[in-house]
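The UniProt record's numbering applies: residue 1 is where the sequence shown begins, and numbers increase by one.
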Amino acid sequence: MPERLAETLVDLWTPLIILWITLPTCVYMAPMNQAYALTTGSPLELSRQSEELRILNRSKRGWVWNQMFVLEEFSGPEPILVGRLHTDLDPGSKKIKYILSGDGAGTIFQINDITGDIHAIKRLDREEKAEYTLTAQAVDWETNKPLEPPSEFIIKVQDINDNAPEFLNGPYHATVPEMSILGTSVTNVTATDADDPVYGNSAKLVYSILEGQPYFSIEPETAIIKTALPNMDREAKEEYLVVIQAKDMGGHSGGLSGTTTLTVTLTDVNDNPPKFAQSLYHFSVPEDVVLGTAIGRVKANDQDIGENAQSSYDIIDGDGTALFEITSDAQAQDGVIRLRKPLDFETKKSYTLKVEAANIHIDPRFSGRGPFKDTATVKIVVEDADEPPVFSSPTYLLEVHENAALNSVIGQVTARDPDSTSSPIRFSIDRHTDLERQFNINADDGKITLATPLDRELSVWHNITIIATEIRNHSQISRVPVAIKVLDVNDNAPEFAAEYEAFLCENGKPGQVIQTVSAMDKDDPKNGHYFLYSLLPEMVNNPNFTIKKNEDNSLSILAKHNGFNRQKQELYLLPIVISDSGNPPLSSTSTLTIRVCGCSNDGVVQSCNVEAYVLPIGLSMGALIAILACIILLLVIVVLFVTLRRHKNEPLIIKDDEDVRENIIRYDDEGGGEEDTEAFDIATLQNPDGINGFLPRWGMPTQRWEERNAIQTGCV
């Protein structure tokens, strides 16, 4: 550093010294030449020229320069001379004093008030302040009066190469995809130099790589870093450290330099296929494993990372493709083999599968490297397990007639032990499904028998559960549902569907339909119900009524003649025989009640009672109801009137014999018996009202008065 600074100072000071020597000579020569020129004329001309010169000097500023230079970072035993001020008004008689003001006047710069020499008394740094603006003025030494207006000039601090380049944003980090081509741009860096970029080469930077070849290169002027090798593989090396240098003075010898580091990370691309860790996998599974259970895992490793390493797994071949499935675990990046259908050791003891792992995200740039997939073989061995009994059918449907005899066999269920040991089976009924114990089962052969009579009309279906248990291992149990349907037999005779009551008008016509009835049967024949209607044999020639079968399986009752009179006969009973079409057929007799009623001309029933004829002719039922309502209303009014009259005649003052008042006096003292006459005042007990100022009314009976006193004293 000292050697470079000395060389720089020599280079800069050589022209400055020459300039410093030459300029004062010119400054001093100007007035001398002028004076010399003035002295070459005649005395008159000299006087005239002197006057002109005096006038000229008064009106024209006589400073020699208005800009000075000083080298930064210069230090020596004495202040450094920056420059000298001089005015044409100075005859050299030391009557003029120079005054300096402005930036750094008196603290950084000092002026010799006689000679005008300006010195820098402190070490200057251009990077802190590049120039100073000062003002100089010539004044009279004695009076300090300005001899001319002040003059402004600038002192510029001249730069030297005293600042090294700096990377303000370092250290740097950048990424570039692996397998990139040669010259792929990675990033760019920037260094700054505090020296003057205008003067010299102090701030002219050149970049270079000190460490990081041959993988990366840098543009000397733009500092753009690029890849210097093609196809760098992340799987071989993921991170690189690059040391970058920035040197000033255009990179020449003697320049200052600064360094920074750049960490370059190669990002992953899908350039590697998945690969199974082994070509053959072995798994074993019990035959009674639950569906969906994970049997085993296979994993294909991929040197890539992230989504580039994601693979999907599939079963592409084998004799167990229908029984097993494989799913991809995105978290663990492996394939999980699960059971889809039940296994049976006795049927097949092993399976072979061929599984494939393939990358999900394929980069077409690297498709030429081959298929991004791999295959492996999986062998699965089925282990024998003690399985529960297996019924010959998953459900059973049995039928039984409702008139079946007790202990008759309804049906049979069968089950077997699928294990090679073939344990005997014992059957039973789950009594929670047969609370009434209507059925039994043979524990050995599974035959179901009837325990209680059945009635289809009460319950058509019976659902029970049969349990099969291994005799050698009671924990091995199976269940099967059994539905028992009760079949119908003709055990119910038909009857009227409702309680019918027919009304016959006295003015009815022969052949008129009095009533239409229908029948019902609790049985349920396969071909539906078909009923036969007839009259009792002794009433076949009934003179009053006849019957007629309708197509809808109903029956109509018709009148044979007119002129029915309820005065003669009010009620008729007509027995009707109803038969079904069962085998054997069943029948029952239902009686229809027919009432003779009075009807209007249009056949509307008005009255069916005999007493109705004592009323005047033409008085309708509505009129009778209105008359009855009026009578009831009048009775209610009369009762209310009588009640109000009785309340009005009662006296408001209570009679004397009803005026009973109770005054009870309570004492907490315990008496001493008949001999104790001092514990209370007998007079008070005899007449307490006298003490309280109570006087009986005149005329009150004596006996009632005594009773009242006894009540008040509490003796009664």
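Using N, Cα and C, we set each Cβ at its ideal position, and we do this for glycine too. Since we're looking at a predicted model, the values are computed, not measured.
Starting from the C-beta of residue i, find all residues in its chain whose C-beta is less than 8 Å away, skip the five residues before and the five after it, and write them out in chain order.
i              : result
serine 350     : Lys379, Ile380, Val381 and Val382
leucine 210    : Val243, Ile244, Gln245 and Thr259
isoleucine 352 : The question names isoleucine, but residue 352 is threonine in the sequence shown. The answer, listed in chain order, is Gly318, Asp319, Gly320, Thr377, Val378, Lys379 and Ile380.
arginine 369   : Asp271 and Pro273
For residue i, which residues from the same chain have a beta carbon less than 6 Å from its beta carbon, with the 5 sequence-adjacent residues on both sides left out?
i              : result
proline 177    : Thr267 and Val269
tryptophan 63  : Model confidence at tryptophan 63 stands at a pLDDT of 49, short of 50, so the residue's coordinates are unreliable; what they give is reported in the following sentence. Only Ser151 meet the Cβ criterion.
lysine 95      : Trp141
aspartate 304  : Asp268, Asn270 and Asn272
isoleucine 441 : Phe427, Ile429 and Ile448
serine 554     : Thr516 and Ser518
isoleucine 316 : Lys354 and Glu356
lysine 509     : Asn562
histidine 529  : Asp521
alanine 194    : Glu127 and Asn163
aspartate 329  : Val336
May I have the straight-line CA-CA distance separating residue i from residue j, to the nearest angstrom?
i                 : j                 : result
serine 588        : valine 517        : 15 Å
proline 230       : glutamate 238     : 14 Å
glutamine 512     : leucine 450       : 54 Å
alanine 300       : valine 285        : 22 Å
valine 480        : threonine 452     : 22 Å
glycine 41        : glutamine 67      : The predicted position of glycine 41 is uncertain, since its pLDDT is 30 and thus under 50; a value taken from the coordinates is nonetheless stated next. One C-alpha to the other measures close to 35 Å.
isoleucine 448    : glycine 411       : 5 Å
alanine 309       : aspartate 384     : 39 Å
isoleucine 362    : proline 418       : 49 Å
residue 732       : proline 389       : Beyond the ends of the chain as shown, which are 1 and 716, falls residue 732; an answer cannot be given.
glycine 102       : lysine 129        : 14 Å
aspartate 113     : threonine 133     : 18 Å
asparagine 542    : glutamine 569     : 15 Å
glycine 212       : glutamine 333     : 36 Å
aspartate 125     : tyrosine 199      : 15 Å
valine 70         : threonine 115     : 19 Å
proline 364       : leucine 256       : 49 Å
threonine 184     : alanine 236       : 19 Å
cysteine 597      : phenylalanine 545 : 16 Å
phenylalanine 167 : asparagine 188    : 12 Å
alanine 483       : isoleucine 467    : 14 Å
arginine 456      : isoleucine 326    : 53 Å
aspartate 233     : methionine 179    : 6 Å
threonine 414     : proline 371       : 56 Å
serine 408        : leucine 536       : 41 Å
asparagine 507    : asparagine 562    : 7 Å
glutamate 131     : glutamine 158     : 9 Å
serine 556        : leucine 628       : 38 Å
cysteine 630      : glycine 622       : 13 Å
isoleucine 17     : leucine 81        : Because isoleucine 17 sits at a pLDDT of 42, beneath the cut-off of 50, its placement in the model cannot be relied upon, and the following sentence gives the value as read from the coordinates. Each residue's alpha carbon lies about 11 Å from the other.
serine 208        : aspartate 314     : 53 Å
serine 392        : glycine 446       : 12 Å
serine 312        : asparagine 169    : 44 Å
arginine 566      : arginine 645      : 49 Å
proline 584       : aspartate 491     : 9 Å
aspartate 88      : glycine 106       : 25 Å
What does DSSP give as the partner residues of residue i in its beta bridges?
i             : result
valine 409    : Thr449
glycine 83    : Ile118
glycine 102   : Leu134
aspartate 317 : Lys354
isoleucine 96 : Asp140
leucine 291   : Paired residues: none, contrary to the question.
tyrosine 240  : Val264
valine 285    : Val382
Tell me which same chain residues have a C-beta within less than 7 Å of the C-beta of residue i, skipping the five on either side of it?
i              : result
isoleucine 578 : Pro494, Glu495, Ala519, Phe531, Tyr533, Ser587, Ser588 and Ser590
tyrosine 500   : Gln515, Val517 and Leu592
Legend entry - beta strand (DSSP E) runs wholly inside the region 437-520, at least 3 long, in chain order: 439-441, 447-450, 461-470, 477-487, 501-505 and 513-520
Inset, instruction - Identify every run of the alpha helix (DSSP H) within the region 320-381, keeping only runs that are complete inside it and at least 4 residues long; order them along the chain. - result: none
Legend entry - Validate contact between the region 248-259 and the region 336-353 using beta carbons, cut 8 Å, 3 pairs: no
Inset, instruction - Please determine if the region 396-403 and the region 418-435 are in contact, where contact requires at least 3 C-beta pairs separated by less than 8 Å. - result: no
Inset, instruction - Taking 8 Å as the threshold, find out whether the region 207-224 comes into contact with the region 126-140 through three or more Cβ pairs. - result: no
Legend entry - Secondary structure, beta strand (DSSP E): runs of 3+ residues fully inside the region 137-204: 151-158, 172-177 and 185-188
Inset, instruction - Kindly confirm or deny that the region 322-342 and the region 292-299 touch, where touching means at least three C-beta pairs closer than 8 Å. - result: yes
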